[in-house]
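A.B. asks:
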Amino acid sequence: MTPEYEYSRLANAEDIKRLGEILNQCFVGTPGDEEIYINSIGVENFRILHQKGQIAGGLAIIPMSQWWGSQPVPMGGIAAVGIAPEYRGTGAAIAMMQHTLKELHAKGVPISVLFPATQRLYRKAGYEQAGNFCTWEIPCDTIQTREQLLPVVRVPFTFEVFSKLYQQQARINNGHLDRHQAIWERITQPDEKEAIYIYQIGSKNQPEGYIIFSQHRIEDSSVLRIKDWVILTTAAAQSFWSFIASHRSQIDKVRWRSSTIDSLTLLLPEQTAKIKSTMRWMLRVIDVVKGLEKRGYPPEIQAELHLKIQDNLLAENNGRFILSVANGRGEVKSGGKGELHLDIKGLAPLYTGLFTPQQLQLAGKLDATEAALWAATQIFTGASPWMPDFF
Numbered sequence: 041m042t043p044e045y046e047y048s049r050l051a052n053a054e055d056i057k058r059l060g061e062i063l064n065q066c067f068v069g070t071p072g073d074e075e076i077y078i079n080s081i082g083v084e085n086f087r088i089l090h091q092k093g094q095i096a097g098g099l100a101i102i103p104m105s106q107w108w109g110s111q112p113v114p115m116g117g118i119a120a121v122g123i124a125p126e127y128r129g130t131g132a133a134i135a136m137m138q139h140t141l142k143e144l145h146a147k148g149v150p151i152s153v154l155f156p157a158t159q160r161l162y163r164k165a166g167y168e169q170a171g172n173f174c175t176w177e178i179p180c181d182t183i184q185t186r187e188q189l190l191p192v193v194r195v196p197f198t199f200e201v202f203s204k205l206y207q208q209q210a211r212i213n214n215g216h217l218d219r220h221q222a223i224w225e226r227i228t229q230p231d232e233k234e235a236i237y238i239y240q241i242g243s244k245n246q247p248e249g250y251i252i253f254s255q256h257r258i259e260d261s262s263v264l265r266i267k268d269w270v271i272l273t274t275a276a277a278q279s280f281w282s283f284i285a286s287h288r289s290q291i292d293k294v295r296w297r298s299s300t301i302d303s304l305t306l307l308l309p310e311q312t313a314k315i316k317s318t319m320r321w322m323l324r325v326i327d328v329v330k331g332l333e334k335r336g337y338p339p340e341i342q343a344e345l346h347l348k349i350q351d352n353l354l355a356e357n358n359g360r361f362i363l364s365v366a367n368g369r370g371e372v373k374s375g376g377k378g379e380l381h382l383d384i385k386g387l388a389p390l391y392t393g394l395f396t397p398q399q400l401q402l403a404g405k406l407d408a409t410e411a412a413l414w415a416a417t418q419i420f421t422g423a424s425p426w427m428p429d430f431f
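Yeah, the sequence shown ends on 431 if you go by the numbering used here, and it's all consecutive.
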């Protein structure tokens, strides 16, 4: 820890203005935009690092939950990490992250997630790759799905209806967020350069999904950009593609966010949908016991895993733990044989199932006996984790 830095909340309007200036410079923003962002996330959710009264940088802690094994795990989303240029290379960034993690641990938050601009800094703080953020693209005229089984009707956004539909999809997709209000606002509220179109799939009284999108002219192409979607039934999936295909006379390309293995594309006649871009977000387990006990597990699995964990920042996470899984839930006790040995970084992709235990062992992220590898495979391997939201 770098002792000369002080870590605190935003104290006044002057602090908000200065942090906004730093974040504008870090993220090449327009003057005033970052202050709007600070207020949308909530001033109370920002932290700053200062030295001799001067702000060196700051970040946001977005209070959310993340779905793992059909259970919401409380999570601190780290965003807008910015250090003023004159303080870069001084240890300010890692000091700020360490302070933040200790604060979250003291509050009992089990896990934290972020999108890295650089992995080196966050690996130093105990984060590791944990899930996918992926954008797909398809030429609209190749969709060729005509049968629309359900009505697709333009409606005003109603948070109660749409959030309920979203949660039904989120709970069965590892890595999805229990969204903060600011994320919903970013999806549903247009900026001055776009219009937002919101459609509900299914009947008014029994909706089976929705689609929220905008349309853009990019170079010589017209692009329909899906900002958010929920598909809860086969009929909704078929109707989704039919509705999108109906735009083919005006739209050249369609883009949406999904998993690297997207089951929606199974309904397409040909493999014309391609991944346009992909990156991985990072996760850190802040409280080993709470993190393992609050997530869900396959209900049919009954297994026991003996862990030995090293965490150079949070001493409470060091040592041996026994994870016992039964009836879809986990219980953690201290002790055991330590048959699967890893540091706190290695625990992240194991926890999320981004890689199998065997793959993590080959990558040098863990060391385990054959029996422990098999138990960990039963407990953690599942559908690839992803989220549609960037924060």
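All residues carry an ideal CB built from backbone N, CA and C; glycine is no exception.
Computed from a predicted model, the values in this text were never measured in an experiment.
Going by DSSP, what residue range makes up the alpha helix (DSSP H) through THR140?
C.D. replies: Here the alpha helix (DSSP H) through THR140 covers 132-146.
A.B. asks: In chain order, what residues of the same chain lie with their CB nearer than 6 Å to the CB of GLU234, ignoring the 5 residues before and after it?
C.D. replies: SER254.
A.B. asks: Considering GLN65, what are the terminal residues of the alpha helix (DSSP H) in which it resides?
C.D. replies: Start and end: 53-66.
A.B. asks: Report the rounded CA-to-CA distance for VAL6 versus GLN278, giving the unit in angstroms.
C.D. replies: In this structure the chain extends from 41 to 431, so residue 6 is not present and cannot be described.
A.B. asks: Does DSSP classify GLY98 as helix, strand or coil?
C.D. replies: In this structure, GLY98 counts as strand in the three-state DSSP scheme.
A.B. asks: Please give me, in chain order, every unbroken run of the beta strand (DSSP E) with length at least 3 that falls completely inside the stretch 392-428.
C.D. replies: Fully enclosed beta strand (DSSP E) runs of 3 or longer: 406-408.
A.B. asks: Could you check whether the stretch 351-358 touches the stretch 308-320, counting it as contact only if at least three pairs of C-beta atoms, one from each stretch, sit closer than 8 Å?
C.D. replies: Cβ pair count under 8 Å is below three, so no.
A.B. asks: Tell whether a beta-carbon distance below 7 Å holds between LEU406 and PRO425.
C.D. replies: Taking 7 Å as the Cβ cut-off, LEU406 and PRO425 do not qualify as a contacting pair.
A.B. asks: Output the distance between the C-alpha atoms of ILE301 and GLN91, rounded to the nearest integer angstrom.
C.D. replies: Cα to Cα, ILE301 sits roughly 47 Å from GLN91.
A.B. asks: Less than 7 Å separating the beta-carbons of GLY60 and GLU75?
C.D. replies: Yes, they are a contact pair.
A.B. asks: Rounding to the nearest angstrom, what Cα-Cα distance links THR42 and SER289 in this structure?
C.D. replies: In this predicted model, THR42 has a pLDDT of only 45, less than 50, meaning its place in the structure is not dependable; the value taken from the coordinates is given anyway. When rounded, the distance between both Cα atoms is 60 Å.
A.B. asks: Would you tell me roughly how many angstroms separate the C-alpha atoms of ARG49 and ARG335, rounded to the nearest one?
C.D. replies: Those two C-alpha atoms are separated by around 30 Å.
A.B. asks: From ALA124 to ALA157, what distance separates their C-alpha atoms?
C.D. replies: Going by the C-alpha atoms only, they are around 15 Å apart.
A.B. asks: At a cut-off of 6 Å, would you count TYR162 as near the ligand SAH, judging by its Cβ distance to the nearest heavy atom?
C.D. replies: No copy of the ligand SAH appears in this structure; indeed no ligand is present at all.
A.B. asks: Can you tell me which residues form a DSSP beta bridge with ALA366?
C.D. replies: DSSP, once it has assigned bridges, lists ARG369 as partnering ALA366.
A.B. asks: Can you tell me the Cβ-Cβ gap for TYR239 and VAL192, rounded? I've got them flagged as a contact below 8 Å.
C.D. replies: Indeed, because the Cβ distance is near 5 Å, the residues count as touching under 8 Å.
A.B. asks: Starting from the N-terminal side, write out each stretch of the beta strand (DSSP E) that is 3 residues or longer and does not extend beyond the stretch 206-286.
C.D. replies: As far as the stretch 206-286 is concerned, its whole beta strand (DSSP E) runs of at least 3 residues are 237-242, 247-258, 261-271.
A.B. asks: Go to ASP351, then tell me how far its alpha helix (DSSP H) extends in each direction, as first and last residue.
C.D. replies: First-last for ASP351: undefined, no H or E at that position.
A.B. asks: Considering only the beta carbon of each residue, do ARG265 and GLU177 sit closer than 7 Å?
C.D. replies: No, they are not a contact pair.
A.B. asks: With DSSP run on the structure shown, which of helix, strand or coil describes ARG49?
C.D. replies: In this structure, ARG49 counts as strand in the three-state DSSP scheme.
A.B. asks: Just curious, the beta strand (DSSP E) that ARG297 is in, first and last residue?
C.D. replies: Residues 293-298.
A.B. asks: Counting along the chain, where does the beta strand (DSSP E) carrying VAL195 start and finish?
C.D. replies: Looking at the DSSP string, VAL195 is not in any beta strand (DSSP E), and its letter there is neither H nor E.
A.B. asks: Is the beta carbon of THR392 sitting closer than 7 Å to the one on GLY109?
C.D. replies: Not in contact: THR392 and GLY109 (Cβ atoms no closer than 7 Å).
A.B. asks: Note the first and the last residue of the continuous beta strand (DSSP E) segment covering SER317.
C.D. replies: SER317 -> beta strand (DSSP E) spans 314-325.
A.B. asks: DSSP three-state call for LEU308: helix, strand or coil?
C.D. replies: The answer is coil: DSSP assigns LEU308 none of H, G, I, E or B.
A.B. asks: If distances are taken between C-alpha atoms only, which option among PRO150, GLN159, LEU272, HIS287 comes closest to GLU356?
C.D. replies: Taking only the C-alpha atoms, the option nearest GLU356 is PRO150.
A.B. asks: By a C-beta neighbour count over all protein chains shown, 10 Å radius and 16 as the cutoff for buried, is GLU198 buried or exposed?
C.D. replies: The sequence shown places Thr at residue 198, not Glu. By the neighbour-count rule (16 or more Cβ atoms within 10 Å), THR198 is not buried but exposed.
A.B. asks: By alpha-carbon positions, which one of GLU371, MET104, TYR167, GLN111 ends up nearest to GLY117?
C.D. replies: Closest option to GLY117, Cα to Cα, is MET104.
A.B. asks: If you drop the 5 nearest sequence neighbours on each side, which residues of the same chain put their C-beta closer than 7 Å to that of LEU332?
C.D. replies: LEU363, GLY370, VAL372, listed in sequence order.
A.B. asks: Buried or exposed: which applies to THR140, given that a residue is buried once 16 or more other Cβ atoms fall within 10 Å of its Cβ?
C.D. replies: By the neighbour-count rule (16 or more Cβ atoms within 10 Å), THR140 is buried.
A.B. asks: State the Cα-Cα distance for the pair LYS267 and ILE227, rounded to the nearest angstrom.
C.D. replies: Between LYS267 and ILE227, the C-alpha separation is close to 6 Å.
A.B. asks: Relative to the alpha-carbon of LEU380, which residue among PRO397, GLU84, PHE155 has its alpha-carbon at the smallest distance?
C.D. replies: For LEU380, the nearest C-alpha among the options comes from PRO397.
A.B. asks: Taking Cβ positions, are THR273 and GLU232 nearer each other than 7 Å?
C.D. replies: The answer is no: Cβ separation not under 7 Å.
A.B. asks: What three-state label does DSSP hand LEU189 in the structure shown?
C.D. replies: Coil at LEU189, not helix or strand.
A.B. asks: If we call anything under 7 Å between Cβ atoms a contact, is ARG326 one with HIS145?
C.D. replies: A small correction: the amino acid at residue 326 is Ile; Arg does not occupy that position in the sequence shown. Yes, these two residues count as a Cβ contact at 7 Å.
A.B. asks: If we call anything under 7 Å between Cβ atoms a contact, is ALA416 one with LEU345?
C.D. replies: Yes, the pair counts as a contact, with Cβ atoms nearer than the cut-off.
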